Amino acid sequence: MAVCVAVIAKENYPLYIRSIPTENELKFHYTVHTSLDVVDEKISAMGKALVDQRELYLGLLYPTEDYKVYGYVTNSKVKFVMVVDSSNTALRDNEIRSMFRKLHNSYTDVMCNPFYNPGDPIQSRAFDNMVTSMMMQVC
Amino acid sequence: MEAPFLSGSAAGEKQVGYAMENKPIVTCAGDQNLFTSVYPTLSQQLPREPMEWRRSYGRAPKMIHLESNFVQFKEELLPKEGNKALLTFPFLHIYWTECCDTEVYKATAKDDITKWQNILKVHSSADWLIVVVESEAKKKNKTNILPRTSIVDKIRNDFCNKQSDRCVVLSDPLKDSSRSQESWNAFLTKLRTLLLMSFTKNLGKFEDDMRTLREKRTDPGWSFCDYFMVQEELAFVFEMLQQFEDALVQYDELDALFSQYVVNFGAGDGANWLSSFCQPVRSWDGLVLRKPIDMEKRDLIQKREATLLDLRSYLFSRQCTLLIFLQRPWEVAHRALQLLHNCIQELKLLEVVVPLGALDCWVFLSCLEVLQRIEGCCERTQIEANLSHMVGLWSYATEKLKSLGYLCGLVSENAPNSEDLNKTVDLLAGLGAERPETASTAQSPYKKLKEALSSVEAFEKHYLDLSHSTIEMYTSIGRIRSAKLVGKDLAEFYMRKKDPQKAETYLQEALKTYLVEGWALPIAHTRKQLAECQKQLGQTENYLQTSSLLAGDTHLTEEERRHFCQEILKLSNQQMGNQGNKVFLALDSLAQLKNLHFEPPTAVVHVGGTLSVEVTLWSRMPVAVCVDQISLNVHFNIEKNSYRKTAEWLTKHKTSNGIISFQSEVLGLALSRQTMPAVELYEMHERNPADSSLTTSGVICKNTHMLLRWQESSTFLETPTPLSLDNNANTLKRSSVTLQPGLNTVTFSIQAKEAGTYTLRQLAASVGSLQFMLAHIYPLVQYDVYSQEPQLKVQPLTGSLLAGIPQKVKFTVTTGHYTIKNGDTLQLSNADSMPIVQPTGVTATIYSNSQEKYLQSTLTIQSSEKVTSIVLPLAPAYHVIEFELEVICHLPTATAEGVGLVNGEVPKSRDWQRSESCMTTSDQKISIDCPWSIYSTIVVLTFSIPFKAEHTLLSSGRRKYIQVCVQNLSDLRFQLLDNSLRDTCDCVDLQLVPLNASLQQYIYSKQSVFFVWELVWTKERPLTLQCCFSVTFCPVSLEEQFASLKPYNYEFQVDHIFSLYSVKADIFPPLGAEYCQTGSLCSLEVSIMRLSELLEVDKDEALMESNGYCTTKLLYEVVDNSSNWAVCGKSSGVISMPVAARATHKVHMEVMPLFAGCLPFPDIRLFKYLPHHSAHSLQLDADSWIENDNVSVDKNLDEQADNNSIKSRGSIHSSSSSDQKGLPMPRLQAFSSAQVFNSSTSMQILVIPNKDDRVLEVNVT
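The listed protein sequences derive, respectively, from chains A and B. Numbering follows UniProt numbering, with no gaps: position 68 of the first sequence is 68. Numbering follows UniProt numbering, with no gaps: position 92 of the second sequence is 92.
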């Protein structure tokens, strides 16, 4: 399903980034980092819309030959970026949305942990497992 | 249009070449000349007004401007059965006639129409119209004309079977009259309506057929290409009708259908017809968007020979054309990118064999083609505003050109080899020949690619052009990260071209971006590239810096890190050989300062002491590194505030454990995480030095320099801060330290020399010629060296010292810089009243500066009469000697104050201060000579006296008693022993008989004990008596120890011991009554009796002597302060009292009880009445005047208002009028309490209530 999942802090440094296969890790880091350009663009465009009616899902950030990059931004400006294999045609917008929602829920759990220091890299095992399940899940 | 008709042959052919010029075909039969004359007006008027086109299947109605292509009617034009062509389909057939003659009609016209109708019927075409043109001119020429209606009626009758609207009259079409205009309008409306009807009907039918065909797609023989042609026909028609949106929908449907097939194929559900699309790619000439319809590709599709790329290219070119018609060029760009990505995926899915690089060529050409197409139809400003839509294509093209360059060996210093050339030739072959439509364009994609692949130089030029414009575009729309990534590709390119100089800037910029946002992996990767680049450039210092960062980067493999570590070590040795110049690098890359630990933990040391600093470093290196020297630079500062250096400060400010921790930063993450360093706030209080009152208080931000620096810019990020070694500072050094990977501790030892504050400034580690520096140690780390004067302090062990009993006093000697030598003593010149108890066996404890016990020794104390000398134990400097001594402050003899003394003279002692509730205190001064000073130290100790005594003289008739009250003011419980009272004058005939029960008594804290003695005399009665009360005491808890305590003494004098008068009052009920009754008068009898003969005391002004009898004047007064009685008549009076024993004077007066119950008797007071002598009264001293003032004035008033008996009920309070002050007036002198004995004191009498008294007064308080 997803080949790379990243959580990026408000200040644009990665809180969590994981990808499969691991040998392409660097490439995904570059891809996710570059996608922040589009995220920023979309957020600033959205800024004009009413805040409370804002859609958290940013949609397809940009497609590449092999991958599709989707974005999502929480109200606290934490960004979720998900890279999906282009050949995976079964993944429609709705599936991506629901995956982001799952990710957001799990992230919220992480934030609720009193021992987690907001802004630190996420090391939660529960979160990691959830991401793993999103990467493994065969559609 | 000059000729109204297309030539027959042209109309018959398929003329789809320029679809947009197509118009729906309308055939014209009948009178051609007539039509030709009408045609210009018709073709001009028809599209003028829009018509609403209602659509089937719930599609929204549209307003449509109709145009038509009028062609001469021919039978061949009519479609044969099964022909699906729509473009050539005649939607309406019109028969034009001018016939107005019945004969002519019957002869020719009717036949002609019938023939026309028959042909139509054969082809089952029901869309026709007969137009009858009338003209006035013709009518006039002909004589035998029928009414014009008749011809129309005839035609209608003959042909328009129930469809009378299929025949229209057009009157005088060429005339400019309102009638003609009207008829035109009617005709045009009819024509439009019929055309639309025909569209609806025919298109509906076509769509139905098309759908049927689509439903058959599961049939084995079904072909997508055939279906494509059918649906495209529909699209053409919509396009013809200017309905581009609808046309686009047709293509989008085809697109989706095809995509779905490909996806299904991927899922294993292949359709037969797909095999034709799976043929290997042989041509990759890119999209062609310059022609509305690419007939070549269309033919291929029609012939079922198209490849996937052909189909996609054709489909996209059609979509593009329509989108541009719809003024949506940005969507073209958007869709193009999707298409290109999609095609590559589809080729993969279909497992199409694609030669290496073919797709790169195709994508590159396509991107440029799309971009050029958009640029061709948009204005420059428009393009600039929509760069974000285009930049994706630019970047894609750049990427593809780059990979082509790498593939064909064009990215190198040298020319491509033969293998590369072969590849290039193959790739160029796939492009085919340039298309004719672009042949004349200089910058066509085809030419560009061909040129780019022709040589290394040409490739470089094109690649750089593309890259730069992409970067520029990205930058201009704010996509900095994307721009940097393209820049990194460029850097890679330059590195391949062996041009590291150019590569470096791009790498540095990209690195900066990643550092700012803390992306560890890209940082590591970019640094690695940068290191290579710097190495090639020979920037040794930068290379070392980058290498050191890389060696410590955990995101690299162990091997890589080791490599960079070796590089550093290798270079450090090389540099050494070259020059003596040191290369400064940041320490952070080698090792991180974790914490500092001072020993002693307070980080304060006295001069001459030693202090050690333990530095914990976290080595980032993958291997053990031998460091030649680690040095800690210290800045010395003589602090003006010497308080910090005192030992006192030490005890008050104990740091937790002397460990100062430093922020641990993950390298790489550091920068972004630090974007907002935490604000460090401290409280600030400023006190007035004079009275230490608060003058200012506030909050100080201690790290403003950090916070403010951050906002400046991010330029400092990678620029190494100018590192320099502070040479003039003190330096702590350790040589040859091996730093193991991970935690290391290095200990520095400091011998304190000069007093002051030392700040640790820099930490440096040198490896060969390399100097790793930590330029600033933050937070501030300081240690202090102090020097202290020796000090002696004497403090009570408990909160306050009590006099009379032994108390412990603590002596504290802070040696400071002075070393106690053998024979050093403290000389105490003690006061007599405070001897030192127990001068043997005192133990002194010596503490080191850090409060640790150092030694214990016994003190030798030698006491002489005046001086006590304490031999101090030997103690080194900066130590504290503590010992305790017991002292006792003897109780001074207490003396009575005021009470009972004549003339009110109170002897006041200077040392004793009395306060009402507290104990009286006594200050004892000791002067101490210390060995380190020539001056004596004066120590003042304050002792409190635990007791307070008071005495009273009591009398009972003539018998006299002395009562002493001892009050314990302290918190302790005492035992009182051996109380005694003695007469200090030792009168023989006077005896003090104790009436006290036991000899031993306890006195509790804050309580009193009373002692009473009876005064018994035998002969002469003394006037005054000097007494001394004495009692031995000791604290209850320590009875045994203090057996030898000195007793508490109290001295006092008693005067006027003896009673002169006895006063007795009696109240009698009225005659005949048994009890007194409220409201009824009772008689009060006051009898005053002289008890003694003439005494010394009586000899004063009041005494009058006549005939050997002495009399004195007394004033009696009945006062009832409790308002129980109403005194009727005179309440006071002056009597003349004979001075002789037993002389009695009785006074009667009336009193009335005001309440019932047992009422106390009213008070009877007696005063000595001194007559006024003018001379004397003026000479009165102030004291006596004041003493008597109140009474004398009162009495004076009383006498004036003598009759007013009521007045005496209350106390007599009235302010004296000042004018009486000068007047001579009698004075009253009170007797001392012992002189008048009132025998009726506190007697009570029963008063019964009056029977009539019904008033019940209830006081509730």
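In this text, a Cβ means the ideal position worked out from N, Cα and C, and glycines have one as well. Source: prediction; values computed, not measured.
My output table needs one value for residue i: the three-state DSSP class, helix, strand or coil.
{"i": "B/Y682", "result": "strand"}
{"i": "B/H1056", "result": "coil"}
{"i": "B/V332", "result": "helix"}
{"i": "B/H525", "result": "helix"}
{"i": "B/W222", "result": "coil"}
{"i": "B/L196", "result": "helix"}
{"i": "B/L828", "result": "strand"}
{"i": "B/I638", "result": "coil"}
{"i": "A/G59", "result": "strand"}
{"i": "B/L954", "result": "strand"}
{"i": "B/Q566", "result": "helix"}
{"i": "A/K68", "result": "strand"}
{"i": "A/D120", "result": "coil"}
{"i": "B/F1033", "result": "strand"}
{"i": "B/E865", "result": "coil"}
May I ask you to list the residues that DSSP assigns as paired with residue i?
{"i": "B/C1028", "result": "B/R982 and B/E1051"}
{"i": "B/Y39", "result": "BP columns for B/Y39 are empty, so no partner."}
{"i": "B/I750", "result": "B/L611"}
{"i": "B/E1014", "result": "B/Y961 and B/V993"}
{"i": "B/T745", "result": "B/T616"}
{"i": "B/A764", "result": "B/S631 and B/M773"}
{"i": "residue 1278 of chain B", "result": "What the structure shows of chain B is the stretch from 1 to 1261, and residue 1278 of chain B is not part of that stretch, so it cannot be assessed."}
{"i": "B/T942", "result": "B/D923"}
{"i": "B/L129", "result": "B/I94"}
Taking the alpha carbon of residue i as the reference point, which residue from the options has its own alpha carbon closest?
{"i": "B/C99", "options": "B/A1126, B/T108 and B/H93", "result": "B/T108"}
{"i": "A/E11", "options": "A/L56, A/K79, A/S98 and A/L26", "result": "A/K79"}
{"i": "B/T546", "options": "B/T554, B/A524 and B/E558", "result": "B/A524"}
{"i": "B/C1028", "options": "B/I1003, B/L1060 and B/V964", "result": "B/V964"}
{"i": "residue 1268 of chain B", "options": "B/A458, B/R496 and B/H389", "result": "Only positions 1 to 1261 of chain B appear in this structure, which leaves residue 1268 of chain B out of reach."}
{"i": "A/T64", "options": "A/G119, A/Y30 and A/I20", "result": "A/Y30"}
{"i": "B/K753", "options": "B/I638, B/V781 and B/A844", "result": "B/I638"}
{"i": "B/K1064", "options": "B/C533, B/L326, B/M621 and B/E1117", "result": "B/E1117"}
{"i": "B/W618", "options": "B/N272, B/T745, B/S313 and B/L1045", "result": "B/T745"}
{"i": "B/Q1130", "options": "B/T602, B/V1119 and B/Q782", "result": "It is worth fixing the name first, because residue 1130 of chain B is Lys in this sequence and not Gln. Of B/T602, B/V1119 and B/Q782, the residue nearest in Cα terms is B/V1119."}
{"i": "B/D824", "options": "B/E852, B/P835, B/T843 and B/L859", "result": "B/L859"}
{"i": "B/L248", "options": "B/V737, B/E886 and B/R328", "result": "B/R328"}
{"i": "B/M197", "options": "B/F73, B/S56 and B/Q279", "result": "B/S56"}
Quiz item: Taking Cβ-Cβ distances below 9 Å as the criterion, which residues of the region 340–358 of chain B are in contact with chain A?
Solution: From the region 340–358 of chain B, only L340, H341, N342, I344, Q345, K348 and L349 have a Cβ closer than 9 Å to chain A.
Self-check item: Selection of the region 506–528 of chain B by Cβ proximity to chain A, strictly under 9 Å
Solution: T513, Y514, V516, E517, G518, W519, A520, L521, P522, A524 and H525
Quiz prompt | Under 8 Å (Cβ pairs) to chain A, residues found in the region 250–271 of chain B | solution = V263 and G266
Quiz item: Is it a yes or a no for the region 328–344 of chain B touching the region 354–366 of chain B, going by three-plus beta-carbon pairs under 8 Å?
Solution: yes
Quiz item: Do three or more CB pairs link the region 995–1006 of chain B to the region 964–981 of chain B at distances below 8 Å?
Solution: yes
Practice problem: Check distances from the C-beta atoms of the region 18–38 of chain A to those of chain B and list, in chain order, the residues that come in under 8 Å. | Solution: E25, L26, H29, Y30, H33, T34, L36, D37 and V38
Practice problem: Quick one: which residues of the region 465–489 of chain B get their C-beta closer than 9 Å to a C-beta of chain A? List them in chain order. | Solution: Y474, I477, G478, R479, I480, R481, S482, A483, K484, L485 and K488
Quiz item: Listed in chain order, which residues of the region 54–85 of chain A have Cβ atoms closer than 9 Å to some Cβ of chain B?
Solution: Y62, P63, T64, E65, D66 and K68
Quiz item: For the region 410–427 of chain B against the region 274–281 of chain B, are there 3 or more C-beta pairs whose distance is under 8 Å?
Solution: no
Quiz item: On the three-pair Cβ rule with 8 Å, is the region 470–485 of chain B touching the region 387–398 of chain B?
Solution: yes
Self-check item: Cβ-based contacts, 9 Å cut-off: residues of the region 373–402 of chain B near chain A
Solution: S388, G392, Y396 and E399
Quiz item: If you measure beta-carbon to beta-carbon, which residues of the region 91–119 of chain A are closer than 9 Å to chain B?
Solution: G119
Exercise. Evaluate contact between the region 774–788 of chain B and the region 796–812 of chain B, counting only Cβ atoms and requiring at least three cross-stretch pairs below 8 Å.
Key: no
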